[in-house]
Amino acid sequence: NKVIILDLNDDIIPFPAGFIEDDDEFHISTERRLLYTCMTRARNKLYLFSSDKDNPSRYLKEINESLLDDISPKSSSKRTYNDDLPF
102 NKVIILDLND
112 DIIPFPAGFI
122 EDDDEFHIST
132 ERRLLYTCMT
142 RARNKLYLFS
152 SDKDNPSRYL
162 KEINESLLDD
172 ISPKSSSKRT
182 YNDDLPF
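For our numbering, add 101 to where a residue sits in the sequence shown, where the first one is 1.
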């Protein structure tokens, strides 16, 4: 019912080009298809997480912003992770 995808940051997804021997265009399109497949498996909820606010994955930037909800943690002196999670 739910799909959770973590670390949607550039240099993680897509994987850094320096580690791949394949043609860059082929590599990017293959990762895009794989991510699409993961995303379309969600029946009720899809959670996409980027831990690097300044460097999100290029694939996140391609999603229409009206389809996204920003659930960034609110800053506070006492940090409780469970309160920030929507599930």
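Cβ atoms here follow ideal geometry from the backbone N, Cα and C, with glycine treated the same way.
(request) Indicate, with yes or no, if the ligand GDP has a heavy atom lying under 7 Å from the CB of phenylalanine 127. (result) The ligand GDP is absent from the structure shown, which contains no ligands of any kind.
(request) Classify leucine 109 as helix, strand or coil using the three-state DSSP reduction. (result) To locate residue 109, count along the sequence shown from 1; it is residue 8. Correct three-state label for leucine 109: coil.
(request) Please name the residue, chosen from Tyr148, Asn156, Asp155, that lies closest to aspartate 170 on a Cα-to-Cα basis. (result) Here residue 170 refers to the residue found at position 69 of the sequence shown. Checking every option, the nearest Cα to that of aspartate 170 belongs to Tyr148.
(request) State the Cα-Cα distance for the pair aspartate 111 and asparagine 156, rounded to the nearest angstrom. (result) Start at 1 with the first residue of the sequence shown, and residue 111 comes out as number 10. Start at 1 with the first residue of the sequence shown, and residue 156 comes out as number 55. Their Cα atoms are separated by approximately 6 Å.
(message) Going by DSSP, what residue range makes up the beta strand (DSSP E) through leucine 168?
(response) Numbered from its first residue, the sequence shown carries residue 168 at position 67. Neither: leucine 168 is in no beta strand (DSSP E) and is coded neither H nor E.
(request) Would you check if the distance between the CB atom of leucine 109 and the CB atom of serine 167 is smaller than 8 Å? (result) As a working mapping, residue 109 is identified with position 8 in the sequence shown. As a working mapping, residue 167 is identified with position 66 in the sequence shown. At the C-beta level, leucine 109 and serine 167 stay beyond 8 Å of one another.
(request) Count the other CB atoms, across all protein chains shown, that sit within 10 Å of the CB of serine 151; report buried if there are 16 or more and exposed otherwise. (result) Stepping through the sequence shown from its first residue, residue 151 is reached at position 50. Buried, since its Cβ has 16 or more Cβ neighbours within 10 Å.
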